[in-house]
Amino acid sequence: MPNRVAIIGVGITPFRARYLDKTYFELAYDATKLALDDANKNGAQITHKELQSTVYGIYNELFERQFMPDIFTNSYLGMNNKPGTRIASGGATGGYTVRMAYAEVASGLSDLCLCLGLEKCNDCYDEQTGTTTPEVLNAIAYSADMTYEYPMGMMAASSYVSMVNAHYEEFGNPTEEQMAHVSVKNHGNAMLNPKAQSPKKLTIEDVLYSRIICYPFKMLDCCLYSEASAALILASEEKVKELGIEKPIWITGVGAANTDCFIGNRESIGRLYSNIEAAKAAYKMAGLDYHKIKDQIDVAELHDAFTGQEVISYEELGFVPFGEGGPWIEKTFEKPGEGPWLNGELPCCPSGGLIGCGHAVGATGIMSTGEAALQLREESGKHQVKIEKGRAISHSIGGPGAAYAAIIVMANEEGLKKP
Amino acid sequence: MSGQEFQDHQIRDRIAINYKYSLGGQSKFFIELMNNKKLLGTKCSKCGKTWMPPRINCSDCYALAEWVEMKQTGTIEVSTIVWYTTSAFIKAIPYAIGYIKLDGAQTAFLQGIFSENLVPSKVKKGSRVKAVFLKEREGKMIDFFFVPEDEYESWINKPEYEGGA
Numbered sequence: 001m002p003n004r005v006a007i008i009g010v011g012i013t014p015f016r017a018r019y020l021d022k023t024y025f026e027l028a029y030d031a032t033k034l035a036l037d038d039a040n041k042n043g044a045q046i047t048h049k050e051l052q053s054t055v056y057g058i059y060n061e062l063f064e065r066q067f068m069p070d071i072f073t074n075s076y077l078g079m080n081n082k083p084g085t086r087i088a089s090g091g092a093t094g095g096y097t098v099r100m101a102y103a104e105v106a107s108g109l110s111d112l113c114l115c116l117g118l119e120k121c122n123d124c125y126d127e128q129t130g131t132t133t134p135e136v137l138n139a140i141a142y143s144a145d146m147t148y149e150y151p152m153g154m155m156a157a158s159s160y161v162s163m164v165n166a167h168y169e170e171f172g173n174p175t176e177e178q179m180a181h182v183s184v185k186n187h188g189n190a191m192l193n194p195k196a197q198s199p200k201k202l203t204i205e206d207v208l209y210s211r212i213i214c215y216p217f218k219m220l221d222c223c224l225y226s227e228a229s230a231a232l233i234l235a236s237e238e239k240v241k242e243l244g245i246e247k248p249i250w251i252t253g254v255g256a257a258n259t260d261c262f263i264g265n266r267e268s269i270g271r272l273y274s275n276i277e278a279a280k281a282a283y284k285m286a287g288l289d290y291h292k293i294k295d296q297i298d299v300a301e302l303h304d305a306f307t308g309q310e311v312i313s314y315e316e317l318g319f320v321p322f323g324e325g326g327p328w329i330e331k332t333f334e335k336p337g338e339g340p341w342l343n344g345e346l347p348c349c350p351s352g353g354l355i356g357c358g359h360a361v362g363a364t365g366i367m368s369t370g371e372a373a374l375q376l377r378e379e380s381g382k383h384q385v386k387i388e389k390g391r392a393i394s395h396s397i398g399g400p401g402a403a404y405a406a407i408i409v410m411a412n413e414e415g416l417k418k419p
Numbered sequence: 001m002s003g004q005e006f007q008d009h010q011i012r013d014r015i016a017i018n019y020k021y022s023l024g025g026q027s028k029f030f031i032e033l034m035n036n037k038k039l040l041g042t043k044c045s046k047c048g049k050t051w052m053p054p055r056i057n058c059s060d061c062y063a064l065a066e067w068v069e070m071k072q073t074g075t076i077e078v079s080t081i082v083w084y085t086t087s088a089f090i091k092a093i094p095y096a097i098g099y100i101k102l103d104g105a106q107t108a109f110l111q112g113i114f115s116e117n118l119v120p121s122k123v124k125k126g127s128r129v130k131a132v133f134l135k136e137r138e139g140k141m142i143d144f145f146f147v148p149e150d151e152y153e154s155w156i157n158k159p160e161y162e163g164g165a
């Protein structure tokens, strides 16, 4: 039997467009220090010296201008002479890193493990336009298949939009208006999160009339690339007891799957099979039901890299039947107790998600897992949602054709007991 | 640092690696494209699945896949028009790309879709397209692209392009 594993500390730096005063390893140091402080607030008395290992989530070497950023971070964190393993799984790097840090502790290899995500993308710079983003996008585009797809001008948004357009063709949703609702929700939620990069009070029209990026995605349908770091401290059950942790958040399910990275090879282009398989695996491990999941969890931090993808995720993760994701958000607008809104039946992305809080790729899934854990501790501040069932999920996807998916299920002490 | 304002310092740098990339078992696809304007896929010797882009091994049943010449007409499965993009392509906007299923193939592959009237309705799902080739080819994916079938004659009459085999 694997050891039970809990999140005992969460550290998230503010998500920003640019940190001129911090390198990637300095950001990682800040997140680690915040996570240690949080663990100590949560009953522990530890320093980095007690951490036995690190699992690093760092997506893109080109961002960091360094092909092994983990070992330099390891030095800066004072973690020399301990094991450190790097995970890189595109946009799902964070979720996959939590999964592997879970495995590190569940297996008994470590009792106290640092799960650390970081990314600093906006040092990339495009001299032609005098801006960062086209060069950031190019650094990401090298993750596409380099022989057949990169030469066609493939990029992250055109990859996601293919799935969203195909989903629309199959089910008649998400419409542009339905996608705009996600943007309004997540930018709005970010206004309550002091660490968010993109807090905005928007109308549906603001989104619909924002600049076109790739049809039908507009500027306000897309997340912004961020610089940030996020850290979790994971402990075994024995260590939780020994340290006297007051509010451990137990990781009760981890699920992951990779679907075909060549979108054109998939049985249906408008479906992310990896999401479905990862969700089913994570829920099964946690003893939850794919078809009843909406009523079994209090909150979901989803991977809303693009608004349309969040809508599709409602369906793939089992919240609503296929074809009903768009109506679920659109028909519940300004109706308390319904839909994915902050005060809805299942709040999705109360942190603001990638669109509102930001997307610092390797750090993102760790931020969303940490945000969900803080929700279950009822310590989220202004974006705290109602916790009744004591359970939450975080969701990470990414890579070419968004092929990677990882889902983490968490529970507080009450959530472990409730059916 | 106390009381002192932070001053940042940035340096310009570039990572550049040159390649002479070997295409291995896929080489024949690019040679036939370059020399003969043919589009080759592969067909699994066991399950009969047609792979495009080609794979010399069938990933479904672990049997050898054999080269087959594909039709140069197909259907758009999904597409988009790109208006903001990477530094490598930003001078090319707007451009359309889409997943094309060639007639007879089971999989779709990504290609550029050129049109004299680049609007979403022109490149929508189900639209019929045909391959057009550059006259000067290097054995790369950019040696060809697709155009709406009703624009084919006009594209192959341009001096830099020609029809396929």
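Quick mapping for you: the protein sequence lines, in order, are chains X and P.
Just so you know, the working numbering puts 257 at position 257 of the first sequence, and the rest follows in order with no gaps.
Just so you know, the working numbering puts 20 at position 20 of the second sequence, and the rest follows in order with no gaps.
Note that CB positions come from ideal geometry on N, CA and C, so glycine has one too.
CB contact below 7 Å: Ser22 (chain P) versus chain X: The beta carbon of Ser22 (chain P) does not come within 7 Å of any beta carbon belonging to chain X, so the residue lies off that interface.
Can you tell which of P:Gly98, P:Ile97, P:Trp83 has its C-alpha closest to the C-alpha of Lys91 (chain P)? Residue P:Trp83 is the option with its Cα nearest to Lys91 (chain P).
Please report the Cβ distance between Cys121 (chain X) and Glu227 (chain X), rounded to the nearest whole angstrom; I am assuming they are in contact, meaning their Cβ atoms lie under 8 Å. Cys121 (chain X) to Glu227 (chain X), Cβ: 6 Å. Contact.
Is the Cβ-Cβ distance between Val105 (chain X) and Thr85 (chain X) less than 7 Å? For Val105 (chain X) and Thr85 (chain X), no; Cβs fall outside 7 Å.
Is the distance from the Cβ of Val78 (chain P) to the Cβ of Ile269 (chain X) below 7 Å? Annotated as proximal: Val78 (chain P) and Ile269 (chain X), with beta-carbon spacing under 7 Å.
Find the nearest neighbour of Pro250 (chain X) within the set X:Asp37, X:Ala373, X:Met68, X:Asn40, judged by alpha-carbon distance. Checking the sequence shown, residue 250 (chain X) turns out to be Trp, not Pro. The shortest Cα separation from Trp250 (chain X) among X:Asp37, X:Ala373, X:Met68, X:Asn40 belongs to X:Ala373.
Terminal residues of the alpha helix (DSSP H) in which Ala360 (chain X) lies: No alpha helix (DSSP H) contains Ala360 (chain X), which DSSP labels as neither H nor E.
Buried or exposed (CB count within 10 angstroms, at least 16 for buried), Val207 (chain X): It counts as buried.
Can you tell me which of X:Gly172, X:Ser143, X:Phe15 puts its alpha carbon nearest to the alpha carbon of Ser89 (chain X)? Residue nearest to Ser89 (chain X) within the set X:Gly172, X:Ser143, X:Phe15 is X:Ser143 (criterion: CA-CA distance).
Take the Cβ of Gln296 (chain X) as the centre, count every other Cβ of all protein chains shown within 10 Å, and call the residue buried at 16 or more, exposed below. Buried is the call here.
Classify Tyr225 (chain X) as helix, strand or coil using the three-state DSSP reduction. Collapsing the DSSP output to three states places Tyr225 (chain X) in a strand.
Figure out for me which residue from X:Thr133, X:Ser158, X:Val254 has the closest Cα to the Cα of Met285 (chain X). The candidate whose alpha carbon is nearest that of Met285 (chain X) is X:Val254.
So the candidates are P:Thr42, P:Lys49, P:Cys61; which of them puts its Cα closest to the Cα of Gly55 (chain P)? One detail in the question is off: residue 55 (chain P) reads as Arg in this sequence, not Gly. Nearest option by C-alpha distance: P:Thr42.
Chain P contact for Asn138 (chain X) (CB, 7 Å cutoff): So yes, Asn138 (chain X) belongs to the interface.
Compare the C-beta of Asp60 (chain P) against all C-beta atoms of chain X and say whether one is closer than 7 Å. For Asp60 (chain P), the nearest beta carbon of chain X is not closer than 7 Å to its own beta carbon.
Counting Cβ pairs closer than 8 Å, one from the region 197 to 205 of chain X and one from the region 296 to 312 of chain X, do we hit at least three? Segments in contact, no.
Alpha carbon to alpha carbon, how far is Tyr24 (chain X) from Ala31 (chain X)? Give it in angstroms, no decimals. Cα to Cα, the separation comes out at about 11 Å.
Looking at chain X, which residues of the region 54 to 84 of chain P have a Cβ within less than 9 Å of any of its Cβ atoms? Cβ contacts with chain X: Ser59, Glu77, Val78, Ser79, Thr80, Ile81, Val82, Trp83, Tyr84.
With 8 Å as the C-beta to C-beta threshold (strictly closer), list the residues of the region 103 to 116 of chain P near chain X in chain order. Sequence-ordered contacts of the region 103 to 116 of chain P with chain X read Thr107, Ala108, Phe109, Leu110, Gln111, Gly112 [C-beta pairs closer than 8 Å].
Decide if the region 352 to 366 of chain X is in contact with the region 212 to 229 of chain X; the criterion is three or more beta carbon pairs, one per stretch, under 8 Å apart. At 8 Å Cβ cutoff, the stretches touch.
Thinking C-alpha only, which one of X:Met163, X:Glu64, X:Leu114, X:Pro69 is nearest Glu135 (chain X)? Looking at the Cα atoms, X:Glu64 is the closest of the given residues.
Is Ile233 (chain X) near Ile8 (chain X), with beta carbons less than 7 Å apart? Against a cut-off of 7 Å, the Cβ pair of Ile8 (chain X) and Ile233 (chain X) comes out as a contact.
Measure the alpha-carbon distance for Ile81 (chain P) versus Ile100 (chain P) and round it to whole angstroms. Each residue's alpha carbon lies about 15 Å from the other.
What are the boundary residues of the alpha helix (DSSP H) that includes Thr13 (chain X)? Where Thr13 (chain X) is concerned, there is no enclosing alpha helix (DSSP H), given that its DSSP letter is neither H nor E.
Expressed to the nearest angstrom, what Euclidean distance is found between the alpha-carbon atoms of Pro94 (chain P) and Tyr19 (chain X)? Pairing Pro94 (chain P) with Tyr19 (chain X), the inter-Cα distance amounts to about 32 Å.
Ordered along the chain, which non-local residues of its own chain (more than five positions away) have a Cβ less than 6 Å from that of Phe109 (chain P)? These residues qualify, in order along the chain: Met52, Pro53.
Within 7 Å (strictly less), CB to CB, does Tyr148 (chain X) reach chain P? Taking 7 Å as the CB threshold, Tyr148 (chain X) lines the interface with chain P.
Indicate whether Glu316 (chain X) and Leu272 (chain X) have their beta-carbon atoms separated by less than 7 Å. The beta carbons of Glu316 (chain X) and Leu272 (chain X) sit closer together than 7 Å.
For the putative contact between Ala157 (chain X) and Ile213 (chain X), defined by C-beta atoms under 8 Å, what is the C-beta separation to the nearest angstrom? Right, their Cβ atoms sit about 5 Å apart.
Could you tell me which residues DSSP puts in a beta bridge with Met420 (chain X)? Residue 420 (chain X) falls outside the range modelled here, since chain X spans only 1 to 419, and no answer is possible.
Given 8 Å as the limit, is there contact between the region 124 to 134 of chain X and the region 17 to 25 of chain P, that is, 3 or more CB pairs closer than that? Cβ pair count under 8 Å is below three, so no.
May I have a chain-ordered list of the alpha helix (DSSP H) segments no shorter than 4 residues that lie completely inside the region 126 to 203 of chain X? Listed in chain order, the complete alpha helix (DSSP H) runs (minimum 4 residues) inside the region 126 to 203 of chain X are 133 to 141, 156 to 171, 176 to 190.
8 Å contact criterion, which Ile15 (chain P) and Leu62 (chain X) should meet: CB distance rounded: Cβ atoms of Ile15 (chain P) and Leu62 (chain X) come within 8 Å of each other, at about 7 Å.
As assigned by DSSP and simplified to three states, the class of Ile276 (chain X): When DSSP states are grouped into helix, strand and coil, Ile276 (chain X) belongs to the helix group.
Determine the extent of the beta strand (DSSP E) in which Trp155 (chain P) is found, giving its start and end residues. Counting along the chain, Trp155 (chain P) sits inside no beta strand (DSSP E); it lies in the alpha helix (DSSP H) bounded by residues 152 to 156.
Mind checking Phe6 (chain P): buried by the 16 CB within 10 Å criterion, or exposed? Classification for Phe6 (chain P): exposed.
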